[in-house]
Each structure stands twice: as C-alpha cells, then as structure tokens.
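According to mature numbering (1 follows the signal peptide of the UniProt record, and there is no 0), the sequence shown holds residues -29 to -1, 1 to 309 in order.
From the three backbone atoms N, C-alpha and C, an ideal C-beta is built for every residue, glycine too.
See below for the structure under consideration.
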Amino acid sequence: MKQPSFNRRDFLKLAGAAALPGLPALARAADAAAVAEGKATFFANITAVQPIMDAFHKATGIQGEYSRISSSKFIPTLLTEAAAGKLSADVVQAPLPMLELLKDQGILAPYRSPAAQGYPDWATKDEHITLFGVEYVSYLYNTQHVQAADAPRTYQELGDPKWRGQIVMANPSNHASTISWLVGLKEQVFASEDEWMQFVKALAANEPMFVASFGPTPAPIESGEKRIAISMPKYIVTKAPAPLAWSPLSGPLLGSARAIAVTAQAPRPAAARAFVDYWLGHEAMSLLAKDVGEYVLAPGVHPPIPGIDQVQVKPVRDLSDQELQRWGREFGKLFGAR
C-alpha cells in the first residue's frame, strides 16, 4: 500500500522534534522500503551532479541513476514515455515552467519533503513541485583585463559606451532565459518601464556579441576577446582558476527557478521520495553549491563566491510562450539579432 506523503512528512517532523523512542524504528521501516526498491532514476538537465548521486548511494544504500536530457528533449521524452505507460524516471528536475507543464499533464505526484523545512514559502507552496535553487544571472569580467574599480557597478552601466563591442551575451531574440532575465529587470529592478527601455536600448547600442546560451559566455572574457559577459556567477566556481569576478554587488540578481518532483508513475516511489529528501537536504545542496556554484535555497548554504551571500537572489516570473515570442521579436529588433 502506498504511504500517504503527508503522513510521512508529519511523522518525520515529530520524530525530529520530539525524539520519541518508537519513532526511529518506524522511520527505519520507511527507509527499508526505499532500500528494497534498490535505486532511484533521476532525469534532469543540470550538470555535474554525479558527486551527489555517489553521496546519495553512500548515505542511503540506494543507487542513484542520473540521465541528463537536454532542455529541447526533456518534455517530449517524458510525455512519450508516460503516454506509453513506460515512464522510467522516478524523479525529475528542470526549470520550473517545464515541471509545471508536466504537472498539468498529470506526470507529477504530490510530495512535500520534510527536508525542505526552512526553505522560502514560495519554494514549497506547490505540493507537486519543490523549488531548490535559482539559475542566477549577473555579469562577469576577467580581473586581469578589467579592474574592479572600472567594472560596471549597476545594470545601467552596461549601457556605458565605453563597453561598445566588449560585451558577450546569449542571443536575446531566442534564448528563453535571457529574455526572461531582461523582462525580470523591468519588473523587479528598474523604477519604470521607460528607464528600463533606455537601458535595453543602450545595451543594444553597445553591439554585444551573441552566443547560443549561457554556457559559451565565459570563454570570450577568459581569452580577453571581450571584457564583460552577461552570464552566471557559478562559472567562477566551474571555470576556476580563471580570474573571474561578478557584479553588480548591490544586486538583486535574477534568474529562473530550478525545481524537483516525484513522478506519478515512478517505478520506485519510496526510493523517489528518499532521493528528493536527500537532494533537498543540507549535504546535497552544499555539494551543489560548492562544486557547481549553484545558488540553492537550503538555509545557510551558499556557493564559494565572495560576496554572493550578501546579495539578494530572486526568481523571475515564468513567461508564457506568447510572452517569450513577443519579447524575443522585440529584442531581436532592438539588438539586431536573429
């Protein structure tokens, strides 16, 4: 019989808070069900998580199997498998809009993990989906080519003509995360839409070099070809020892929310819940922050990036497909991008 997730959560909270003698044995019984299932299969589009899979196996005795699926194939793969009744994923991780789409299609199961205690309320409001991090965006520079005193201190300063021809960014006409980031600045950073539009036009006038995604953005500033990259601070960790720094130190930094969920057709539901519990816990989130530079929502956990614990990091609003297309066309015209 499948154990109701709300009972398990309440039970574990009581176990931790009251430390009643009989509860640990029951907890071990619940864990035994997950161990008996043997493994948890994890579909995701996040990189460099094998250390977490290894740590999960060491901590629980359950094997974690990780399949990385590109964003373009993520939804089709899961929908096709689910329609055939052969969904192999126990747990899925992706940007929030993708999981919301899967939820609407009945692919996700409700589960509130006790490990998310202390997370922001907005991260745990949906019983099917738990947010665990923000794919935060900032701008980077090479400290051997740009002195900290000369680096842009605010978003507005990215429009300073001295940076003309010196900026690299993902293509704002078709890169969804960049489109969402630019719109997020309008909604959360700039005082008015007119002020924001002046910034966008000034940034476009600086004739940035466009690449396909955030991944290639650090290379031109590492080589000295460009001076500023609209990119992610996590590359300070993953590109080490490259001399990279980030700004604006005053923030806020914005980005797409990352989320995790148990699948409704999970072949191993107990192991799936155990995996989500481990993933959201301090140990796994510390590995993700330390080794990958991710900004996570576990209380007190930050990537080893100077000053990142002092800045506010906020999720952007999820744009509809229509909004992405509309703003992509608009930015394409403003930036002369295709």
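State the CB to CB distance for the pair residue i and residue j, rounded to an integer number of angstroms; the pair is presumed to be in contact (CB under 8 Å).
i      : j      : result
Leu79  : Leu70  : 7 Å
Ala228 : Pro270 : No, Ala228 and Pro270 are not in contact; Cβ-Cβ is about 17 Å, not under 8 Å.
Leu220 : Val267 : Not a contact, Cβ separation roughly 20 Å.
Ser109 : Ser218 : 7 Å
Phe306 : Pro143 : 5 Å
Pro191 : Ala200 : 7 Å
Gln64  : Ala230 : 7 Å
Lys74  : Ile46  : Going by Cβ atoms, the distance from Lys74 to Ile46 rounds to 12 Å, so no, they are not a contact pair.
Ile150 : Trp298 : 5 Å
Just verifying my parser: in three-state terms, what is the DSSP assignment at residue i?
i       : result
Ser194  : helix
Pro275  : coil
Tyr249  : helix
Val282  : coil
Ser257  : helix
Ala36   : Per the sequence presented here, residue 36 reads as Glu, with Ala not at that position. DSSP places Glu36 in strand when its eight states are reduced to three.
Val139  : strand
Val287  : coil
Ala(-5) : Note on Ala(-5): pLDDT 43, under 50, position unreliable in the model; no value is reported.
Val263  : helix
Ser144  : coil
Phe161  : coil
Ser41   : coil
Arg300  : helix
Using the C-alpha atoms, what's the distance from residue j back to residue i?
i      : j      : result
Val105 : Lys10  : 27 Å
Tyr173 : Gly195 : Before going further, note that residue 173 is Ala rather than Tyr in the sequence given. Approximately 23 Å between the Cα atoms of the pair.
Pro123 : Asp131 : 9 Å
Leu224 : Ala243 : 32 Å
Ser291 : Pro66  : 14 Å
Ala26  : Ala255 : 8 Å
Gly222 : Ala15  : 29 Å
Ile279 : Glu265 : 11 Å
Glu301 : Tyr206 : 29 Å
Met168 : Phe181 : 20 Å
Ile33  : Glu52  : 24 Å
Glu98  : Gly252 : 17 Å
Ala94  : Phe103 : 7 Å
Lys197 : Lys29  : 44 Å
Gly35  : Lys304 : 46 Å
Ala60  : Thr31  : 19 Å
Kindly indicate which residue of the options has the alpha-carbon position closest to the one of residue i.
i      : options                      : result
Leu258 : Pro275, Ala119, Pro66, Lys96 : Pro275
Ile40  : Lys29, Ala53, Ile17, Val62   : Ile17
Ala4   : Tyr112, Ala245, His273       : Ala245
Gly77  : Pro85, Gly56, Ala87          : Gly56
Phe185 : Asn145, Ala26, Gly222, Leu72 : Asn145
Val62  : Met24, Ala94, Gly222         : Met24
Val233 : Ser202, Thr48, Arg83         : Arg83
His116 : Ala216, Ser43, Thr31         : Ala216
Does the Cβ of residue i lie closer than 7 Å to at least one heavy atom of the ligand MN?
i     : result
Lys10 : Questions concerning the ligand MN fall outside what the structure shown contains, since it holds no ligand whatsoever.
If you measure from the beta carbon of residue i to each beta carbon in chain C, is any gap under 8 Å?
i     : result
Ile33 : Among the protein chains of the structure shown there is no chain C, as only one such chain exists.
_Going residue by residue through the stretch 168 to 237, where are the continuous alpha helix (DSSP H) segments of at least 4 residues, counting only ones entirely within it?_
If we require 4 residues or more, the alpha helix (DSSP H) runs fully inside the stretch 168 to 237 come out as 189 to 194, 206 to 209.
*Write down every uninterrupted run of the beta strand (DSSP E) in the stretch 8 to 33 whose length is 3 residues or greater and which is fully enclosed by it, in chain order.*
For the stretch 8 to 33, whole beta strand (DSSP E) runs of length 3 or above, ordered along the chain, are 10 to 15.
_Ordered list of beta strand (DSSP E) runs contained in the stretch 57 to 126, each at least 3 residues_ = Contiguous beta strand (DSSP E) elements confined to the stretch 57 to 126 occur at 62 to 66, 101 to 113, taking only those with 3 or more residues.
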